[in-house]
Each structure stands twice: as C-alpha cells, then as structure tokens.
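Q:
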Amino acid sequence: QAALAWAASTQTLSAFAGRDRAARGALAAVWVAMVDEVGAGGACHVVAEAAAEVPWKSSWDRQEIWIMNTEYCLYGPDGPRVRKEANHICRLDECAKCVASAPGSATVRLFWADAVVSVEGPDLGEWQRWCGRRAPSEQQIVNFLMPNILAAYRGERRTRTVQEAKRVWYSHGSWDEPAPDVPEVSGQPVPGVFVWRNDREPGEEWWDSWPAAAVDGASSSSPSSAPTAPAAAGGHQAWGEPWPTDRTFPLRPTREHVSHFLEGLLGNRWSHADFSETPSQAGVGVLLDYGGCNLRFLARRPLGAAPGLGAPPDPEACVTILGGPKGISRPFQELLREAFRDAKVPLLEVCLGPHEEMAHCCVAFMKLQDDAGLHRAAMVDLARLGKEAVDAQWADAEEWLRHRLATGAPSASPHSRSRSRSGGGGASPRVGGQGGGGEKK
C-alpha cells in the first residue's frame with residue numbers, strides 16, 4: 015500500500031516523465047511491486063489517475079516561427095533585390111512585420127528561395143535598447159535587417175556580438191547609423207540577426223531574366239497577351255509583367271536549411287524561453303494550411319486523455335510554419351512534409367479560418383493564444399488524437415453545447431460530475447476522451 019501511494023504521487027510521476035534515470039529506475043521497481051499487489055490492471059489505473067494530477071505547463075519550452083517566402087529570391091545577380099527605400103520588393107515589409115509580431119523568446123526564420131534570415135536570442139533586443147531604437151515598427155525592423163543582408167552578399171558568414179558592435183559604433187558610428195557596416199571589420203553588423211545566402215550551383219534556373227519562349231512566343235497583336243520584356247531591360251522582368259505559370263525556384267537551398275534547423279530543434283538554446291541548453295523531450299511542427307484541422311483554442315490543458323506508459327512524450331518544442339504573401343507552393347509544401355518525416359518530427363496541419371489572412375496577422379493571433387496558455391494544449395490534443403478525431407469530437411461538443419444553451423438546462427454541479435464519472439449519473443459528453451459532467455528578445 016505504501017508503494018501504491020508513492021507511485022500515485024505527482025512528484026514521482028513528474029520525475030518519471032523527465033530525464034532522471036534514478037527516479038525512473040525506482041519507479042520501475044515500485045511498478046513490479048504494484049503488479050504483484052493489485053495486478054496489472056489495478057496498477058495501470060493507479061498510474062492513470064495520478065497522471066491526471068501532474069502539473070501541466072501551458073507554454074512551450076522552445077518556439078520557432080518559419081515564414082516561407084520562397085516565391086521570391088532575396089538576391090539577384092547584381093546584389094540584394096531589396097532596399098530600405100522600397101521594402102515591398104520581395105515582400106521584406108511583410109517579413110519585418112512577422113518579426114515584430116512574434117513572441118519575444120521565439121526564433122524567427124525568414125525563408126527566401128535563395129537565402130534565410132534568422133532572428134534569435136537576446137542580442138537584437140539588447141542592441142535596440144542600447145541604441146535607443148526599441149519601437150518594433152516595420153521600418154525599424156527593416157533598418158536592422160538590411161545591413162546584414164548587404165553583408166551576407168559580400169560573403170560575411172557570422173554576426174557580430176553586442177560588444178563587437180559597440181566597439182565598431184564608437185569608432186565609426188553615429189546616431190543616424192546605429193549599425194555601421196565597416197567592411198574591413200569582419201561580421202554582419204547587427205547583433206542577433208544572421209543572414210545565410212546560398213551560392214548558386216551550375217544547372218540551376220533562378221529566373222533572373224525571362225525565358226526566351228516567354229519573350230518570343232508572346233503575340234504582339236493581342237492586347238490580352240502577356241507583355242514581353244523590353245529590350246532596353248536586357249530581358250529582365252519589368253514591373254507589372256507576370257511570370258510564366260510553370261516557374262519554380264530550385265528546392266535545394268530550402269531543403270538544406272530546413273534539414274539543418276530540424277536537427278537542432280530540440281537543443282537550440284536561443285529558441286528556449288529561458289535560453290536553456292537542456293534538450294526538449296519532443297518537438298512538433300505546425301503547418302498553417304487550408305486543408306488542415308479547424309483548430310479551436312478553448313482550454314489551458316489538453317482535453318484528451320493523457321498518454322499511457324510507454325507512449326511518446328508530449329511535445330515541448332514547436333515550429334510554426336506559414337507562407338508569405340504568395341503562400342507556399344506545392345513543391346515547397348511537399349519538401350516540408352518530407353523533411354519532417356525524415357527528421358521523425360510530427361507535422362500537424364492547421365487551418366485558422368476560412369479566409370486568407372496576412373502572415374503577420376496569423377503570427378500575432380498565435381502569439382495571443384500562446385500568451386493565454388491555450389496554444390500548446392490545442393496542439394497537444396491534435397497530436398494525441400489526430401485531425402479526424404479532433405474534428406469529430408468538436409462537432410459533437412458544439413452540438414451538445416448548442417442544445418444545452420437552447421433548452422436552458424442548468425449547469426451540472428461538481429457533485430453530479432463526480433457521480434457521472436463513477437457511473438451513477440446520466441451520460442455525459444466526452445471531448446477528446448474525458449468526461450465532462452451532467453518573452454523578450
């Protein structure tokens with residue numbers, strides 16, 4: 015009986031769920047004693063009842079947000095395509111809004127077809143405070159991203175620390191230029207922002223100019239035909255001219271980046287809420303897509319039954335993936351699914367609503383749910399039960415609630431809920447398998 019009481023304690027089960035080998039070994043010995051005392055069925059019941067009392071952590075240990083703006087290239091043959099004065103080019107403006115809208119402790123990665131920009135760790139926030147530019151406006155974020163985008167084009171492969179950036183500012187900077195480039199000093203100028211530019215390999219088509227078929231095959235007599243690239247532009251795309259519909263950028267750079275980031279997902283210090291190096295037990299990807307599960311954020315802990323002994327641990331690290339203004343094309347979607355399968359990280363597909371929204375609005379919405387403690391619980395329910403089960407359970411629950419409110423039935427008391435669990439009350443609805451009753455960067 016002492017073993018039963020000890021095994022049912024929250025402290026012991028918490029240790030078992032963690033990484034304490036001694037505690038797991040002790041619990042295994044008690045488990046043998048429990049089976050001898052009450053049988054396997056009784057032992058499972060005791061542990062299941064105690065698992066329901068284990069404290070639930072409503073927030074993620076680690077978070078990353080990936081903006082897949084892969085319908086654009088960040089660089090052209092002559093340098094970056096983006097400029098401070100025209101940050102709408104290649105939709106740097108929308109990507110900057112996503113950085114400003116993300117949770118303070120989350121790592122944000124901005125993917126272009128030929129590059130990736132990572133904003134992670136506390137250095138950018140510290141640099142903003144030090145230079146007095148703390149407002150997270152679109153133009154402010156662009157001003158912090160552009161120096162590193164330019165430095166990456168000339169081949170800089172690391173970012174300066176805050177102390178290095180301060181030394182450069184004291185010798186070369188001004189209040190009008192808080193992050194002077196100074197090419198003779200190595201490193202990308204702005205701390206906390208790292209830009210990786212991929213080299214182009216032979217045989218890859220990057221669509222820097224219109225293909226000959228698109229130029230020569232257009233009909234000049236038809237006003238509805240696609241305009242051809244002007245000869246003065248040397249064949250380069252002119253404003254307002256549509257690309258050929260079959261255009262696809264090479265997938266190699268994005269595949270390399272995604273695989274690399276998934277390898278470090280569980281141990282990335284800079285995406286941890288407390289910058290801890292202790293690895294997370296499990297991770298999960300969340301892909302925002304029209305065909306995903308219609309997710310609802312209603313509870314601060316999962317509604318589905320807790321997994322039994324031997325089941326995979328609940329995810330503690332989360333990667334939220336969404337497209338840029340043009341969305342994620344099918345080849346890049348398949349690339350993501352394949353990469354997550356290879357990394358053995360579950361990829362959940364979620365739909366936030368029936369209409370298309372701007373990327374920064376989706377990031378801000380998910381941040382609000384995370385701040386309220388609802389985001390992780392909803393994702394864990396989806397990971398445990400699957401899309402079909404979650405959709406069916408919520409449809410049943412919504413129908414039951416609508417009927418209950420329409421008929422004006424009184425809410426069940428705690429006593430009636432306990433009776434229904436023990437079999438003495440009427441049937442109760444079940445959502446996810448459980449009885450209901452009568453930041454700073």
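All letters in the sequence shown, in the order written, are residues 15 to 455 by this note's numbering.
C-beta: ideal position from N, C-alpha, C; glycine also.
(1) Compare the C-beta of residue 101 against all C-beta atoms of chain B and say whether one is closer than 8 Å.
(2) Between residue 130 and residue 162, which are expected to be in contact by the criterion C-beta below 8 Å, what is the C-beta distance as a whole number of angstroms?
(3) Quick check on the burial criterion: 16 or more other C-beta atoms within 10 angstroms. Buried or exposed for residue 274?
(4) Quick one: grab the DSSP three-state call for residue 109.
(5) What's the C-alpha gap between residue 402 and residue 184?
(6) Round the Cβ separation of residue 134 and residue 285 to the nearest angstrom and send it over; I've been treating them as touching at under 8 Å.
(7) Taking contact to mean at least 3 C-beta pairs separated by less than 8 Å, is the segment 365–384 in contact with the segment 106–117?
(8) In angstroms with no decimal places, state the Cα-to-Cα distance between residue 53 and residue 351.
(9) Using a 10 Å radius around the Cβ and a threshold of 16 neighbouring Cβ atoms, would you call residue 389 buried or exposed?
(10) Would you tell me roughly how many angstroms separate the C-alpha atoms of residue 409 and residue 82, rounded to the nearest one?
(11) Can you tell which of 91, 355, 210 and 167 has the C-alpha that lies nearest to the C-alpha of residue 276?
(12) Residue ranges of each alpha helix (DSSP H) run of no fewer than 4 residues wholly in the segment 131–178, ordered along the chain?
(13) Among the residues of its own chain, which have a CB less than 6 Å from the CB of residue 297, if the five just before and after it don't count?
(14) The beta strand (DSSP E) spanning residue 125 covers which residue range?
(15) Could I get the ranges of all uninterrupted alpha helix (DSSP H) runs contained in the segment 375–414, with 4 residues as the minimum, in chain order?
(16) Once you ignore the five residues that flank residue 263 on each side, which residues in its own chain have a CB closer than 6 Å to its CB?
(17) What's the gap between the Cα of residue 214 and the Cα of residue 142?
(18) Does residue 217 come out as helix, strand or coil in the three-state DSSP assignment?
(19) Determine contact between the segment 89–102 and the segment 152–167, defined as no fewer than three beta-carbon pairs at a distance below 8 Å.
(20) Tell me the DSSP secondary structure of residue 104 in three-state form.
(21) Roughly how many angstroms separate the alpha carbons of residue 385 and residue 288, rounded to a whole number?
(22) Tell me which residue opens and which closes the beta strand (DSSP E) that residue 364 is part of.
(23) Could you tell me the alpha carbon to alpha carbon distance between residue 149 and residue 138, rounded to whole angstroms?
(24) Here's the rule: buried if 16 or more other CB atoms are within 10 angstroms of the residue's CB, otherwise exposed. What is residue 106?
(25) Indicate the three-state DSSP secondary structure (helix, strand or coil) for residue 313 in the structure shown.
(26) Taking only the alpha-carbon atoms, compute the straight-line gap between residue 430 and residue 102 and give it to the nearest angstrom.
(27) Can you list, in chain order, the residues of its chain with a C-beta nearer than 8 Å to that of residue 349? Leave out the 5 residues immediately preceding and following it.
(28) Determine the contact status of residue 179 and residue 205, defining contact as a CB-CB distance below 8 Å.
(29) Please go through the same chain and pick out, in chain order, the residues whose beta-carbon is closer than 7 Å to the beta-carbon of residue 147, but skip the five residues on each side of it.
(30) Cα separation between residue 217 and residue 341?
(31) Measure how close the beta-carbons of residue 314 and residue 391 come, nearest whole angstrom, since I'm counting them as under 8 Å.
(32) For residue 398, which residues of its own chain have a beta-carbon under 6 Å away from its beta-carbon, when the five flanking residues on both sides are left out?
(33) Taking Cβ positions, are residue 419 and residue 396 nearer each other than 8 Å?
(34) Which of the three DSSP states is assigned to residue 266 in this structure?
(35) Let me make sure I understand the geometry here. Which of 177, 118, 412 and 84 has the alpha-carbon closest to that of residue 124?
(36) To the nearest angstrom, how far is the alpha carbon of residue 382 from that of residue 118?
A: In short:
(1) The question asks about chain B, but that chain is absent: this structure has only one protein chain.
(2) Going by Cβ atoms, the distance from residue 130 to residue 162 rounds to 12 Å, so no, they are not a contact pair.
(3) exposed
(4) helix
(5) 59 Å
(6) 6 Å
(7) Segment contact: the segment 365–384 against the segment 106–117, three or more CB-CB distances shorter than 8 Å; contact assigned.
(8) 43 Å
(9) buried
(10) Each residue's alpha carbon lies about 32 Å from the other.
(11) Taking only the C-alpha atoms, the option nearest residue 276 is 355.
(12) 137–145 and 152–167
(13) 279, 280, 329, 331 and 359
(14) 121–126
(15) 389–399
(16) 127
(17) 34 Å
(18) Here residue 217 sits in coil by DSSP.
(19) Contact between the segment 89–102 and the segment 152–167 is present, because at least three Cβ pairs lie under 8 Å.
(20) Here residue 104 sits in helix by DSSP.
(21) 16 Å
(22) DSSP places residue 364 inside the beta strand (DSSP E), whose first and last residues are 361–365.
(23) 12 Å
(24) When all chains shown are included, residue 106 counts as buried.
(25) coil
(26) Only weak support exists for where residue 430 lies, its pLDDT of 45 falling under 50; the value from the coordinates is given anyway. Rounded to the nearest angstrom, the two C-alpha atoms are 59 Å apart.
(27) Cβ neighbours of residue 349 within its own chain (closer than 8 Å, five residues either side excluded): 265, 268, 269 and 272.
(28) Against a cut-off of 8 Å, the Cβ pair of residue 205 and residue 179 comes out as a contact.
(29) 154 and 192
(30) Their Cα atoms are separated by approximately 26 Å.
(31) 6 Å
(32) Once the five neighbours on either side are set aside, the close Cβ partners of residue 398 are 318.
(33) no
(34) Residue 266: helix per DSSP, three-state reduction.
(35) 84
(36) When only Cα atoms are considered, residue 382 and residue 118 end up about 12 Å apart.
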